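Contents: one structure, followed by commentary.
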Amino acid sequence: ETNQWGLPLNGINSVETGGHYTTRLRIPTVKFNWQVTPNNTFVFLWQHSRKQAPHRSGASSGVARYRYIIESTGNQKDPSDGRKWQWTSILSPRLSLDLKITDSEYVFPQYSHVEKTPISDSATTFIRGGFASPFVEWRKHWDFGGTASYFKENLGGNHNFKVGYDLFWESTRDYHHTYPGGGYALTLNNGTPTQVLVRDYPYTSKNAVYHNAAFFQDKWQIGRRLTLNL
18 ETNQWGLPLN
28 GINSVETGGH
38 YTTRLRIPTV
48 KFNWQVTPNN
58 TFVFLWQHSR
68 KQAPHRSGAS
78 SGVARYRYII
88 ESTGNQKDPS
98 DGRKWQWTSI
108 LSPRLSLDLK
118 ITDSEYVFPQ
128 YSHVEKTPIS
138 DSATTFIRGG
148 FASPFVEWRK
158 HWDFGGTASY
168 FKENLGGNHN
178 FKVGYDLFWE
188 STRDYHHTYP
198 GGGYALTLNN
208 GTPTQVLVRD
218 YPYTSKNAVY
228 HNAAFFQDKW
238 QIGRRLTLNL
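Read left to right, the sequence shown gives residues 18 to 247 (the working numbering).
If you want it as structure tokens, here you go:
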């Protein structure tokens, strides 16, 4: 027997609670090596991953004490990709060049299983209805860089010079969806309504970071016993 909110009248034991569930990870990876010429090599790496976690709760959002009905959990289904392009050249017996481009994108969504109003009861600690915080987080990374290495002998010892540059850019977008089942959520106290929650959703938040760096390095070997890394 339930009340008008779909909650039991005879205590918490009559409500179905969640248990273990299976998380699936599929990560196919492809690597391609091409010796273009005797002195030039091209490498391509691609990794595509998919994760399915169909019944995530909102424990990370501070409601770990609550007990979730299965349909009110979050449904995570996300794809992620990572790629790398690399070119290596031996320009002379003393000089080599290494260039790279990497990019990756990570999608972390939690969808609602049902279009029902989220309902939580602070007395019985049960949560039912749709998932109360549906969202999609999307991250994108780009990294461009290169290094040149030069070997020089008989300059007060042997020197392995390296010079390099790196540019990194990352952006994040969070898409916050409205409450399922009408755009509001209910809070009860032992079956009695105490709050109606309304959010100014949906909305999107964006942020990004950009930086670049350069370096110069000298591995200086003096005789057989002393090496300095400058």
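Don't be surprised by glycine CBs; every beta carbon is placed ideally from N, CA and C.
All of these numbers come straight from a predicted model, not from anything done at the bench.
Residue 202 is classed as buried because its beta carbon has at least 16 other beta carbons within 10 Å across all chains shown. No Cβ-Cβ contact shorter than 7 angstroms links residue 153 with residue 165.
In the structure shown, residue 88 falls within a helical segment according to DSSP collapsed to helix, strand and coil. By the criterion of at least three beta-carbon pairs nearer than 8 angstroms, the stretch 155-163 is not in contact with the stretch 133-147.
In the DSSP assignment, the residues bridged to residue 178 are 167, 235. Here the alpha carbon of residue 88 sits roughly 7 angstroms from the alpha carbon of residue 131.
Spanning the alpha carbons of residue 231 and residue 117 requires a straight line of approximately 15 angstroms. Residue 104 places its beta carbon 7 angstroms or farther from that of residue 61. Within the same chain, 118, 184 come within 6 angstroms of residue 161 by CB-CB distance, once the 5 residues on both sides are set aside. DSSP places residue 114 in the strand class (E or B) of the three-state scheme. Here the C-alpha atom of residue 51 lies approximately 15 angstroms from the C-alpha atom of residue 115. The stretch 214-234 makes no contact with the stretch 168-175: fewer than 3 CB pairs, one atom from each, lie closer than 8 angstroms. Under DSSP, residue 62 shares a beta bridge with 48, 101. A residue is called buried when at least 16 other Cβ atoms come within 10 angstroms of its Cβ; residue 90 meets this threshold and is buried. Beta-carbon to beta-carbon, residue 100 and residue 120 are separated by about 5 angstroms, close enough to satisfy the 8 angstroms threshold. Buried is the label assigned to residue 72, since at least 16 other Cβ atoms lie within 10 Å of its Cβ.
Distance from the CA atom of residue 94 to the CA atom of residue 69, rounded to whole angstroms, is 5 angstroms.
Across the structure, residue 108 and residue 226 are spaced so that their CA atoms are roughly 35 angstroms apart.
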